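Heads up: the structure comes next, in structure tokens.
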Amino acid sequence: MNQTKTLHSVFKLIFWVWNGTFLGVVYLWILPFVAVFVMVATLQGDIELEFTLTILALIGVPTVCTVIAGRYFRQRPVELIRLFYGVEAPLFLFCLVRLFIFRELTPASRLVLSTILICIAAFFIELLWGYFGQKHNKLYQFLSGIQLATHSLMLFTGFYVGVFLFYYAVPLAVILLRGFFSFQWLTELWWSFTHDFLLSFLILTILFAGTATLFLGMPSAFVALYIHSGQRILRNFSAQYGRIRTAQISLGVVTLWIVLLINFSHQPQGLAFKKLATIPQTEQQKQELLAQSPTIRKGLVNAYLSAYRYLGAVKDSNSIKALYQNVFNLPQPLLDKIQNSYNQLISPFLYQGDLDKDSEKAEKLYANFFDCSIQKGERLAIQYALKSTAILDEAKAGLLNINQKKVWLAKQEVNVQEQGDWAEVEIYEHYQNQTNDVEEIFYSFSLPETAVITGLWLGDTNNKATRFPFTVSPRGAAQKVYNSQVRRERPVDPALLEQVGTQHYRLRAFPIPPKSLSGEQTNPNSPRAMHLWLTYKVLRQDHQWLLPKLGEKRNIFWTNSTERIRNHKRIKGFDQDWLEMSLATSQQPLKSHEVILADYKITAQPLVQTDYVLPQGKKFAIILDTSRSMGNHQQELAQTLDWFKNNILANNQGDLYLTAPEGNQPQFIDNLQQFQVNQKTFYGTLQIKEMLRQFIQLKGNQQYDSIVLISDEGSYELSEDKTGVPQLSVPLWIVHLGSLAPAYEDGTLKMIQNNGGGVETDISEVMKRIATTEKLTQNLANSPQSKPTVLTVADGYGWFMEKNTEKPTNSQGFDPIAARLLVRGLTQKTSDQQLTELDGIHAIAKTYNIVTPYSSMIVLVNDEQRQALKAAEASQDRFNRQFETGKEQLNKPNNPLNTNTSVPEPRMIFGLGIIGLLIIVNSRKIR
Numbered sequence: 002m003n004q005t006k007t008l009h010s011v012f013k014l015i016f017w018v019w020n021g022t023f024l025g026v027v028y029l030w031i032l033p034f035v036a037v038f039v040m041v042a043t044l045q046g047d048i049e050l051e052f053t054l055t056i057l058a059l060i061g062v063p064t065v066c067t068v069i070a071g072r073y074f075r076q077r078p079v080e081l082i083r084l085f086y087g088v089e090a091p092l093f094l095f096c097l098v099r100l101f102i103f104r105e106l107t108p109a110s111r112l113v114l115s116t117i118l119i120c121i122a123a124f125f126i127e128l129l130w131g132y133f134g135q136k137h138n139k140l141y142q143f144l145s146g147i148q149l150a151t152h153s154l155m156l157f158t159g160f161y162v163g164v165f166l167f168y169y170a171v172p173l174a175v176i177l178l179r180g181f182f183s184f185q186w187l188t189e190l191w192w193s194f195t196h197d198f199l200l201s202f203l204i205l206t207i208l209f210a211g212t213a214t215l216f217l218g219m220p221s222a223f224v225a226l227y228i229h230s231g232q233r234i235l236r237n238f239s240a241q242y243g244r245i246r247t248a249q250i251s252l253g254v255v256t257l258w259i260v261l262l263i264n265f266s267h268q269p270q271g272l273a274f275k276k277l278a279t280i281p282q283t284e285q286q287k288q289e290l291l292a293q294s295p296t297i298r299k300g301l302v303n304a305y306l307s308a309y310r311y312l313g314a315v316k317d318s319n320s321i322k323a324l325y326q327n328v329f330n331l332p333q334p335l336l337d338k339i340q341n342s343y344n345q346l347i348s349p350f351l352y353q354g355d356l357d358k359d360s361e362k363a364e365k366l367y368a369n370f371f372d373c374s375i376q377k378g379e380r381l382a383i384q385y386a387l388k389s390t391a392i393l394d395e396a397k398a399g400l401l402n403i404n405q406k407k408v409w410l411a412k413q414e415v416n417v418q419e420q421g422d423w424a425e426v427e428i429y430e431h432y433q434n435q436t437n438d439v440e441e442i443f444y445s446f447s448l449p450e451t452a453v454i455t456g457l458w459l460g461d462t463n464n465k466a467t468r469f470p471f472t473v474s475p476r477g478a479a480q481k482v483y484n485s486q487v488r489r490e491r492p493v494d495p496a497l498l499e500q501v502g503t504q505h506y507r508l509r510a511f512p513i514p515p516k517s518l519s520g521e522q523t524n525p526n527s528p529r530a531m532h533l534w535l536t537y538k539v540l541r542q543d544h545q546w547l548l549p550k551l552g553e554k555r556n557i558f559w560t561n562s563t564e565r566i567r568n569h570k571r572i573k574g575f576d577q578d579w580l581e582m583s584l585a586t587s588q589q590p591l592k593s594h595e596v597i598l599a600d601y602k603i604t605a606q607p608l609v610q611t612d613y614v615l616p617q618g619k620k621f622a623i624i625l626d627t628s629r630s631m632g633n634h635q636q637e638l639a640q641t642l643d644w645f646k647n648n649i650l651a652n653n654q655g656d657l658y659l660t661a662p663e664g665n666q667p668q669f670i671d672n673l674q675q676f677q678v679n680q681k682t683f684y685g686t687l688q689i690k691e692m693l694r695q696f697i698q699l700k701g702n703q704q705y706d707s708i709v710l711i712s713d714e715g716s717y718e719l720s721e722d723k724t725g726v727p728q729l730s731v732p733l734w735i736v737h738l739g740s741l742a743p744a745y746e747d748g749t750l751k752m753i754q755n756n757g758g759g760v761e762t763d764i765s766e767v768m769k770r771i772a773t774t775e776k777l778t779q780n781l782a783n784s785p786q787s788k789p790t791v792l793t794v795a796d797g798y799g800w801f802m803e804k805n806t807e808k809p810t811n812s813q814g815f816d817p818i819a820a821r822l823l824v825r826g827l828t829q830k831t832s833d834q835q836l837t838e839l840d841g842i843h844a845i846a847k848t849y850n851i852v853t854p855y856s857s858m859i860v861l862v863n864d865e866q867r868q869a870l871k872a873a874e875a876s877q878d879r880f881n882r883q884f885e886t887g888k889e890q891l892n893k894p895n896n897p898l899n900t901n902t903s904v905p906e907p908r909m910i911f912g913l914g915i916i917g918l919l920i921i922v923n924s925r926k927i928r
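Residue 2 is where the sequence shown starts when you use my numbering, and the numbers rise one by one after that.
Shown next, in the form of structure tokens:
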């Protein structure tokens, strides 16, 4: 009797001591220092809702169990210990493990964890209400069947979890026993007793007695309680309904669970790697692979995100081996067997492959097969994985930030100052950060070919008098300084505006100040928003002033609440677009412009519809991009080729060059009429440089007047800046079906400009520009007057350049547009572009404050930045712009199953849990 009372007293002591500890941890530590940050991060979309629910469960478990124990089990110590070891401790440990160890769950890991939760819930229900079959009605008979099913899984789960914990309980027990009988702790304990008796008592009771009851007692108690509970329900059900029915339900449930586990444990990356191991050669083979795209996509994404979905790889899992080696010093063969058995036990949480190599392999295969960067094509899946591990992405807005809603466009104002047939447009925007981190915004946009950007400013307020001005700098130097400032630590305002195509620009601004938390102590002088101004000059087209056309945005978003103002008037009615296509103009006639800039005269002559002609007697090479993304434009491609056949081939010649992905051979087709778009399978990935190499390889001695490359917007982020661009002696025109390319690497852009080519989205415009340029050149050749060079035909004007000996004239603001065309002309004249020549071209941009392919605008705010820019501008590589794909270097989580560290001393066991909490708290507070 006395032994029973003593045992009951121990049960009560274990329950209430550990409940007091749990409540103290959750209410004095986790709630104020962890839960608040997790909930805020969830509301902002930085981490998944599942984390917040787990935190709330972590707080709620000891609270609810304490209430239930105090109300129902205060005088029932056996039920108290069942509640503690069967419900509270497993749930508390489950929440901690879910928060700090598990990442994005796979189907297999989700099945295992869900089963454990179901079994804990079933045990809790049985603890409160017992066996449902004791009540004789249909509802309780149905519930008793459910109870049998869950308790059948409970038998299996209890054994599974018990075996798992046993791997750690045995060495931990040895560590504690060795530490205890070494008696080294007595010296420290005596010192503690003599200096702080209360602290010493807490250490003695919690660290030794408490740790032993929880970590050493839990495996055996959990297994015993769950197996006993499962057996009790099975016996009761068998007594009521018979053994056969009991066996049918029990074995059926366990069998179904095993089948599901085997099915979910199959990892898809192996099949994807196998299917893409051989490069398809025939159209049928390509079509068969394309038909299996969903399966291939699933496998490649799983391999790429393996570090975020699995605790580790089978081949890297060695933590148990290291633990048993340090504790028991067992022979290597036995250690390998122990580790292998452990790996089999936790196989739902292990990756079957190489985490690092498979991730790189999947990234490359994805690009080659889907013709898209995996970070761009699967950004939602990657963002979910990052949120599941609470890992921050880079400060720089990359591919993962496309269409992210982090910075709100609070106000946008557009004002147009008309100057006859041209105008100066000012765009003002006010940004408000919706996160607690500094953020970068990114715009990729296009302007008409002859438009020119003339200004860029940043401000902490909307006061123009205090805004920070721009500097026109060599493109490489400006990029280098800007990128050095884009960091989360000590962020300082810069902005960078670059020309990355014949019509395309890239605008970035950083940092948008973070939103302040409620009650947060902030410096009243620190900026809370960012203001940006951009100006450009543009010629009138079709009685409209064209506005920038958005290609891509990162981190920035707008809503119906965004204030929109046009020429000082508030407008409403759109929230999906960044800007309208255009603004209306007054009916002013087009006129000629002559501008003298230094040693050159630039002339713009308006053209009417009758001035445009189509080619006659020319020979064209048509290069067709056959990469996978072109399959989305088959109808447009067919219309493009049909127009060319019907309108050009009658009076000209045309040869077709079909490019091919890696491992396939390109084709030359001399009879364009026979080619049928619907018979071609578009497969793989190709870049402009590779397509031009294939063309040069196939053309042999064939001579052409112009080359037309038909592609779509392409995949700029897959380009490589490691090899040179093939040089062509005739103009290269690129027709982008759908929309223009967001950017070109500098070598390609240089080649397009140097040989007098260009880019369009319609092949008819290309043909008109080629023929009309030649017509204007012939007219000049027949003229007895001076013979300027025809630069191009663009935006309704013919553009001419000639040497000049006259004094500069006052062009009343048209100078920047003329300077933009002069840069184009000088680029064509100096194809080698030595550093001295580039400096001369840059000097024009700096004189007239314009952005060109060689000169960018950068906004700097302090002397440190200005000194860095000065040094960069003096370097030999000041025009060498780094190739930026937007790819982010992801921070991968640690592998908890791979370790070379030693086993901690006994006095550090309890401290490890505290350190774990500190780590997670700090990771949340960074946000």
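Note that the Cβ used here is the ideal one computed from N, Cα and C, for glycine as well.
Quick caveat: nothing in here was measured; it's all calculated off a predicted structure.
Self-check item: Pick from ALA304, HIS544, LEU149, GLU761 that is closest to TRP423, judged by C-alpha positions
Solution: Position 422 of the sequence shown holds residue 423. Nearest C-alpha to TRP423: HIS544.
Self-check item: CA nearest to the CA of PHE125, picked from LYS139, GLN135, ALA90, THR503
Solution: Here residue 125 refers to the residue found at position 124 when the sequence shown is read from its first residue. The shortest C-alpha separation from PHE125 is found at ALA90.
Quiz item: Using the C-alpha atoms, what's the distance from THR536 back to PRO108?
Solution: Your numbering for residue 108 matches position 107 in the sequence shown. Your numbering for residue 536 matches position 535 in the sequence shown. Distance between the alpha carbons of PRO108 and THR536 is about 53 Å.
Quiz item: To the nearest angstrom, how far is it from the Cα of LYS871 to the Cα of PHE676?
Solution: Within the sequence shown, numbered from 1, the residue matching residue 871 stands at position 870. Within the sequence shown, numbered from 1, the residue matching residue 676 stands at position 675. Between LYS871 and PHE676, the C-alpha separation is close to 56 Å.
Quiz item: What number of angstroms, rounded off, separates the C-alpha of PRO1 from the C-alpha of HIS532?
Solution: As shown, the chain starts at 2 and ends at 928. That puts residue 1 outside it, with no answer to give.
Quiz item: CB-CB under 7 Å to GLU718, same chain, minus the five flanking residues each way: which ones, in chain order?
Solution: Taking the sequence shown and counting its residues from 1, one reaches residue 718 at position 717. So the qualifying residues of the chain are SER374, LYS377, LEU400, THR886, GLY887, LYS888.
Self-check item: 7 Å CB neighbourhood of GLU284 in its chain, flanking five on each side removed
Solution: Position 283 of the sequence shown, counted from the start, is the residue given in the question as residue 284. So the qualifying residues of the chain are THR682.
Quiz item: Are there three or more Cβ pairs, one per stretch, closer than 8 Å when the segment 470 to 482 is compared with the segment 855 to 869?
Solution: yes
Quiz item: Would you report the Cα separation of ILE771 and THR604, rounded to the nearest angstrom?
Solution: For this step, residue 771 is matched to residue 770 along the sequence shown. For this step, residue 604 is matched to residue 603 along the sequence shown. Distance between the alpha carbons of ILE771 and THR604: 19 Å.
Quiz item: Mind pulling the beta strand (DSSP E) runs of 3 or more residues that sit fully within the segment 723 to 758?
Solution: 733 to 737
Self-check item: Where TYR444 sits in the DSSP three-state scheme
Solution: Mapped onto the sequence shown, residue 444 falls at position 443. Here TYR444 sits in strand by DSSP.
Quiz prompt | Cβ neighbours of ILE711 in the same chain (closer than 6 Å, five flanking residues each side left out) | solution = As a working note, residue 711 is residue 710 in the sequence shown. Excluding positions up to five away in sequence, the list reads LEU625, VAL736.
Quiz prompt | Assumed close pair GLN866, PRO495 - CB separation to whole angstroms, cut-off 8 Å | solution = As a working mapping, residue 866 is identified with position 865 in the sequence shown. As a working mapping, residue 495 is identified with position 494 in the sequence shown. The Cβ separation is near 7 Å, so the contact holds.
Exercise. Please state if the CB of ASP612 and the CB of THR773 are separated by a distance shorter than 8 Å.
Key: The residue given as residue 773 occupies position 772 in the sequence shown. The residue given as residue 612 occupies position 611 in the sequence shown. Yes, they are a contact pair.
Quiz item: Taking all protein chains shown into account, do 16 or more other C-beta atoms lie within 10 angstroms of the C-beta of GLU289, making it buried, or fewer, making it exposed?
Solution: The sequence position of residue 289 within the sequence shown is 288, counting from 1. GLU289 is exposed by the Cβ-count criterion.
Exercise. Determine contact between the segment 409 to 420 and the segment 577 to 595, defined as no fewer than three beta-carbon pairs at a distance below 8 Å.
Key: yes
Quiz item: What residues match up with SER707 in a beta bridge as DSSP calls it?
Solution: Taking the first residue of the sequence shown as position 1, residue 707 is located at position 706. Looking at the DSSP assignment, SER707 forms a beta bridge with PHE621.
Quiz item: From which residue to which residue does the alpha helix (DSSP H) around ASN369 run?
Solution: The sequence position of residue 369 within the sequence shown is 368, counting from 1. ASN369 -> alpha helix (DSSP H) spans 356 to 371.
Practice problem: State buried or exposed for SER294, treating a residue as buried only when at least 16 other CB atoms are found within 10 Å of its CB. | Solution: As a position in the sequence shown, residue 294 is number 293, starting the count at 1. Per the 10 Å Cβ criterion, exposed.
Exercise. Determine the direct distance from the alpha carbon of PHE329 to that of THR902, and round the result to whole angstroms.
Key: One-based indexing of the sequence shown puts residue 902 at position 901. One-based indexing of the sequence shown puts residue 329 at position 328. The pLDDT assigned to THR902 is 38, lower than 50, so where the model puts this residue is not dependable, and the model offers no usable value.
Quiz item: How far does the beta strand (DSSP E) with LYS412 in it reach, from first residue to last?
Solution: The residue labelled residue 412 in the question sits at position 411 within the sequence shown. From DSSP, the beta strand (DSSP E) with LYS412 extends over 408 to 420.
Exercise. Identify which residue in PHE884, GLU441, THR837, LYS570 has its Cα closest to the Cα of ASP747.
Key: As a working note, residue 747 is residue 746 in the sequence shown. Ranking the options by Cα distance to ASP747, first place goes to PHE884.
Self-check item: Option nearest VAL791 by Cα separation, candidates TYR325, GLY826, THR158
Solution: Taking the sequence shown and counting its residues from 1, one reaches residue 791 at position 790. Taking only the C-alpha atoms, the option nearest VAL791 is GLY826.
Quiz item: With distances taken from CA atoms, which of PHE157, LEU112, ARG83 is nearest GLU127?
Solution: Mapped onto the sequence shown, residue 127 falls at position 126. Scanning PHE157, LEU112, ARG83 for the CA closest to the CA of GLU127 turns up ARG83.
Quiz item: My guess is that SER320 and LEU741 are in contact by the Cβ rule of under 8 Å, so how many angstroms apart are they, rounded?
Solution: As a position in the sequence shown, residue 320 is number 319, starting the count at 1. As a position in the sequence shown, residue 741 is number 740, starting the count at 1. Not a contact, Cβ separation roughly 53 Å.
Quiz item: Where GLN340 and CYS120 are concerned, what is the direct C-alpha to C-alpha distance, given to the nearest angstrom?
Solution: Numbered from its first residue, the sequence shown carries residue 340 at position 339. Numbered from its first residue, the sequence shown carries residue 120 at position 119. Straight-line Cα distance between these residues: approximately 27 Å.
Self-check item: Which residues DSSP lists as bridging VAL860, in chain order
Solution: Within the sequence shown, residue 860 is the residue found at index 859, counting from 1. Beta-bridge pairing links VAL860 to PHE471, ALA496.
Self-check item: Start-to-end residues for the alpha helix (DSSP H) that takes in SER183
Solution: Here residue 183 corresponds to residue number 182 of the sequence shown, with the count starting at 1. Here the alpha helix (DSSP H) through SER183 covers 139 to 183.
Practice problem: Give the DSSP-derived three-state secondary structure of ARG908 in the structure shown. | Solution: Counting from 1 along the sequence shown, the entry for residue 908 is found at position 907. Unreliable placement is indicated for ARG908, whose pLDDT of 37 sits below 50; no coordinate value is reported for it.
Quiz item: Cα-Cα, which of PRO854, ALA744, VAL27 is closest to ARG476?
Solution: Residue mapping note: residue 476 aligns to position 475 of the sequence shown, counting from 1. Measuring from the Cα of ARG476, the nearest candidate turns out to be PRO854.
Exercise. Would you identify the three-state DSSP class for ASN896, choosing helix, strand or coil?
Key: Residue mapping note: residue 896 aligns to position 895 of the sequence shown, counting from 1. Coil, per DSSP.
Practice problem: Return the residue from the list VAL255, GLN249, LEU301 that minimises the CA-CA distance to ALA273. | Solution: Locating residue 273 in the sequence shown gives position 272, counting from the first residue. Out of VAL255, GLN249, LEU301, LEU301 has the C-alpha closest to the C-alpha of ALA273.
Exercise. Give every residue of the same chain whose Cβ lies closer than 6 Å to the Cβ of SER251, excluding the five residues on either side of it in the sequence, and list them in chain order.
Key: For the purposes of this step, residue 251 is taken as residue 250 along the sequence shown, with counting starting at 1. Within the same chain, SER251 has close Cβ partners SER153.
Quiz item: Does the separation of the CB atoms of MET155 and TYR227 fall below 8 Å?
Solution: Within the sequence shown, numbered from 1, the residue matching residue 155 stands at position 154. Within the sequence shown, numbered from 1, the residue matching residue 227 stands at position 226. Their beta carbons are under 8 Å apart, which means MET155 touches TYR227 by this criterion.
Quiz item: Taking buried to mean at least 16 other C-beta atoms within 10 Å of its own C-beta, is ARG75 buried or exposed?
Solution: Numbered from 1 along the sequence shown, position 74 holds the residue referred to as residue 75. Looking at its Cβ environment, which holds fewer than 16 other Cβ atoms inside 10 Å, ARG75 is exposed.
Practice problem: Sort ILE31, ARG77, ILE69, PHE12 by Cα distance to LEU59 and report the nearest one. | Solution: The residue given as residue 59 occupies position 58 in the sequence shown. Closest option to LEU59, Cα to Cα, is ILE31.
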